[in-house]
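S.K.: Have a look at the structure that comes next, please.
Residue numbers (the working numbering): 46 to 888.
Printed below as a string of structure tokens:
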């Protein structure tokens, strides 16, 4: 008797608004399960990997459901909690389910569908006249006779053309070939070769006899065997007497090893091993200071009242030690921990500190890892048992390395999407940081806010840590949504910072500037270098010069695709657009007037580096920005060099301001505070206050007072005053009053709807139409339509409509109104080519 017909709702990794329903073949009924991957056909030929979201017996009414092609997994790779989390992300951030899947799953788990062709077996090539095919078609047919199937990429190489689709199309019309989809799994486990002593040689007499024989006839092989036995004794990580072949090859020739394998003295085999290798750290157990102990106890009590606690600790107060104690408590309850940080650069120091305490149960996950590495972390977290194993014989009750299961995951925002099943604590360090926000592509989620929802699914505690909390988080403590705990003193009693504000206008007018340095900062750097102390210089712009200007006519070269000036990079000798990547060799003459009087204006980190090398020729100087840290381990190398004293002066963008802990830094210089204060955004003062306070905290972390120099032309600016007077509460109060007056967050919710098109006239018309559709519902809550500061990117014009929805308005109704307006717009302008992006809670 035939069983029921099942249907599955499948999320496919495409920017489509729905989950699609597919029919399940009867023979696959027993294999279907929520969270498993399935192969599904989308369109006429494309095959995608989808995730089963729902199983039911209800056929779709709008279309005839296609059959799923295959079930890929024996067990689900996505958990029930993850699927619920995906749905919330999709709803709250107005994103398509497929976009969430793309953000969540490592690309190694999304199979690629590649078009291939083969000869049509029903086509009789012998009866067709030679002139029936063109020369290129003959080349394709001849190639297929040699190789039965070829991908489009193969054909492109054979024919030496970029696009093979027209030729394929003609051969299909002639019925000479067929096209099919070949699905390939991207993930390949890393295999490593191991060597083991054959069991018969475990007897000491047999082993000694063999060694004596080899020493007489094959000395190299005897040497290899002795070294193997030596490694087996000293290698604590040797498993079941297996030793990595790579370890042997460091000292022993491969020929000798292979000879011993051939004689069956050695057994050789390959095993799957993890790619996620980190340097081991010595176990460390720091004792909390009196104030840290008090703050820790206050945090524990706060968690009894509220699941979310904001830890407001000044820079250098030792928040990490409190995090570590709370992690120990969580692990003791057999639960796991998620530790979110804003920048990949911070993982370098934190992984060392956490592994020094917890060993190899600490895993790291971020976008700099390869596809295979990310899949391995995913599988590791997925495979964990619901209960953490016994935590005996550990550092303070914490297992150092049992089963190599990651109980603590450290990383940037993408960590949110891992398949956790037993979260007990989520720590969000530097919670105020804008890097937690995903800008592009969708979903444009904020990791801090999304983590709060994830915590409710796991019933986990959330600890938000920052020296400069966001206005929203500070407001939530006032409203009773979060508990507030303060840590107000630095861990090192003799440390701290003295701030000096340097008036750039005064020193420029009196011609006292030394390149980009004011005299007080220059003198402080000289003194620090004389004492063998280190210096950090902060400039929030990379490259050599922000723009190139003609002295004759004032013309500035702009990107041909974006509405921005090209930035000069001296290292590559290129003018580069930081938005689309367009680059060009710097012109020798002005394209507008022909003058050769071209000058580089402004200063980026490259220019600062060149100036500092001239001013301090004996100092060891390095630069930390996006250009100097593109390689996988560049961050780690720079930080290790700076910690080890191999760098005297570190010049960098905002990377150097966040959470890094260097004991020997005595001077910090902010070279251009004006660029932070003058940005046209309602959050600019908040961001400036946070960044300047954070960079201030990089100095004075040992027993000596550090010095911070803020160079600005606005020495009376209220943000500068609040920082120098250390009046953070007053700054929060003033900022909240301004936000309330103009109805900005946290007193409203922002929805930024952006229309994007190549035609500026079309975008103007569409934006105004959208404004008219939204006006009846939102009235004065709408701002715009307006072009953003940079209106054209990659030849696409952008125009915003900003909605300031009140907290009293239903989140569902606001989204429904926006979707209805966009649907009307699409129906009215079906033939117009434009895109829409929605950014909820833009920062």
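In this text, a Cβ means the ideal position worked out from N, Cα and C, and glycines have one as well.
Output yes or no for whether 8 Å exceeds the beta carbon distance between residue 238 and residue 296.
M.R.: In this structure, residue 296 does not lie closer than 8 Å to residue 238 by Cβ.
S.K.: Are the beta-carbon atoms of residue 464 and residue 427 separated by less than 8 Å?
M.R.: For residue 464 and residue 427, yes; Cβs fall inside 8 Å.
S.K.: With respect to the beta strand (DSSP E) encompassing residue 743, which residues constitute its N-terminal and C-terminal limits?
M.R.: Neither: residue 743 is in no beta strand (DSSP E) and is coded neither H nor E.
S.K.: Excluding sequence positions up to five away, which residues of its chain have a Cβ less than 8 Å from the Cβ of residue 550?
M.R.: So the qualifying residues of the chain are 758.
S.K.: Where does the unbroken beta strand (DSSP E) through residue 850 begin, and where does it stop?
M.R.: It spans 841-851 - the beta strand (DSSP E) in which residue 850 sits, taken as one unbroken run.
S.K.: Would you mind reading off the limits of the alpha helix (DSSP H) that contains residue 249?
M.R.: 249-262 is the extent of the alpha helix (DSSP H) around residue 249.
S.K.: State the DSSP-derived secondary structure class of residue 98, mapped to helix, strand or coil.
M.R.: Three-state DSSP puts residue 98 in a strand.
S.K.: Who are the near neighbours of residue 99 in its chain, counting only those whose CB is closer than 6 Å to its CB and skipping five residues on each side?
M.R.: Excluding sequence neighbours, residue 99 sits near 54.
S.K.: Taking DSSP as the reference, what is the three-state secondary structure of residue 669?
M.R.: Strand at residue 669.
S.K.: Whole angstroms is fine: what's the gap from residue 132's alpha carbon to residue 386's?
M.R.: Taking the straight line joining both Cα atoms gives about 24 Å.
S.K.: Can you tell me whether DSSP reads residue 508 as helix, strand or coil?
M.R.: Residue 508 falls in the strand class under three-state DSSP.
S.K.: Applying the criterion that 16 or more other CB atoms from any shown protein chain within 10 Å of the CB defines a buried residue, is residue 430 buried or exposed?
M.R.: Because residue 430 sits at a pLDDT of 46, beneath the cut-off of 50, its placement in the model cannot be relied upon, and the following sentence gives the value as read from the coordinates. It is exposed - the Cβ of residue 430 has fewer than 16 other Cβ atoms within 10 Å.
S.K.: Any idea what DSSP makes of residue 355, helix, strand or coil?
M.R.: Strand at residue 355.
S.K.: Am I right that residue 808 and residue 849 are in contact with their C-beta atoms under 8 Å? What's the rounded C-beta distance?
M.R.: Not quite, the Cβ-Cβ distance comes to about 22 Å (not below 8 Å), so this is no contact.
S.K.: Please state if the CB of residue 764 and the CB of residue 713 are separated by a distance shorter than 8 Å.
M.R.: Contact: no.
S.K.: Expressed to the nearest angstrom, what Euclidean distance is found between the alpha-carbon atoms of residue 873 and residue 835?
M.R.: Near 28 Å, if we compare the C-alpha coordinates of residue 835 and residue 873.
S.K.: Looking only at its own chain, which residues have a Cβ that is under 7 Å from the Cβ of residue 734, when we skip the five neighbours before and after it?
M.R.: Once the five neighbours on either side are set aside, the close Cβ partners of residue 734 are 513, 764, 767, 768 and 776.
S.K.: Note down, in chain order, each residue of its chain lying with its Cβ closer than 7 Å to the Cβ of residue 497, except the 5 sequence neighbours on either side.
M.R.: Same-chain partners within the cutoff: 353 and 507.
S.K.: For residue 160, which of helix, strand or coil comes out of DSSP?
M.R.: Strand, per DSSP.
S.K.: What residue ranges within the segment 540-624 form continuous alpha helix (DSSP H) runs of no fewer than 4 residues, ordered along the chain?
M.R.: Within the segment 540-624, the complete alpha helix (DSSP H) runs of at least 4 residues are 549-554 and 564-575.
S.K.: Which value, in whole angstroms, describes the spacing of the CA atoms of residue 563 and residue 554?
M.R.: Distance between the alpha carbons of residue 563 and residue 554 is about 12 Å.
S.K.: Please confirm if the segment 581-594 is in contact with the segment 635-647, defined as three or more CB-CB distances below 8 Å between the two stretches.
M.R.: As far as the Cβ criterion goes, the segment 581-594 touches the segment 635-647, which means the pair count is three or higher.
S.K.: Quick check: the segment 793-808 against the segment 573-584, are there 3 or more CB pairs under 8 Å?
M.R.: Counting Cβ pairs under 8 Å, fewer than three are found: no touch.
S.K.: So residue 134 packs on residue 145, CB below 8 Å; how close in whole Å?
M.R.: At roughly 5 Å, the Cβ-Cβ gap stays under 8 Å, so residue 134 and residue 145 are in contact.
S.K.: Does DSSP put residue 439 in a helix, a strand or coil?
M.R.: With a pLDDT of only 36 at residue 439, under the threshold of 50, the placement of this residue in the model should not be trusted; the figure read from the coordinates follows. Reduced to three states, the DSSP call for residue 439 is coil.
S.K.: Quick check on residue 877: does DSSP put it in helix, strand or coil?
M.R.: Residue 877 falls in the coil class under three-state DSSP.
S.K.: From the DSSP output, in three-state form, read off residue 859 for me.
M.R.: If DSSP states are grouped into helix, strand and coil, residue 859 belongs with the helices.
S.K.: Let me make sure I understand the geometry here. Which of 670, 636 and 529 has the alpha-carbon closest to that of residue 349?
M.R.: Comparing Cα positions, the closest option is 529.
S.K.: Taking the Cβ atom as the reference point for each residue, do residue 268 and residue 304 lie within a distance shorter than 8 Å?
M.R.: Not closer than 8 Å, so no.
S.K.: May I ask which residues mark the beginning and end of the alpha helix (DSSP H) holding residue 299?
M.R.: Start and end: 299-307.
S.K.: Check whether the Cβ atoms of residue 451 and residue 420 sit closer than 8 Å, and answer yes or no.
M.R.: Not a contact, by the Cβ cut-off of 8 Å.
S.K.: In the DSSP output, which residue or residues are listed as bridge partners for residue 115?
M.R.: Note: residue 115 sits in a beta bridge opposite 84.
S.K.: If we ignore side chains and look at the alpha-carbon of each, how far apart do residue 272 and residue 306 end up?
M.R.: Roughly 15 Å separates the two Cα atoms.
S.K.: Over the uninterrupted beta strand (DSSP E) stretch that includes residue 142, give me the two end residues.
M.R.: Premise fails: residue 142 lies in the alpha helix (DSSP H), 142-149, not in any beta strand (DSSP E).
S.K.: Thinking just about the alpha-carbon of each residue, which of 803, 341 and 558 is nearest to the one in residue 372?
M.R.: Taking only the C-alpha atoms, the option nearest residue 372 is 341.
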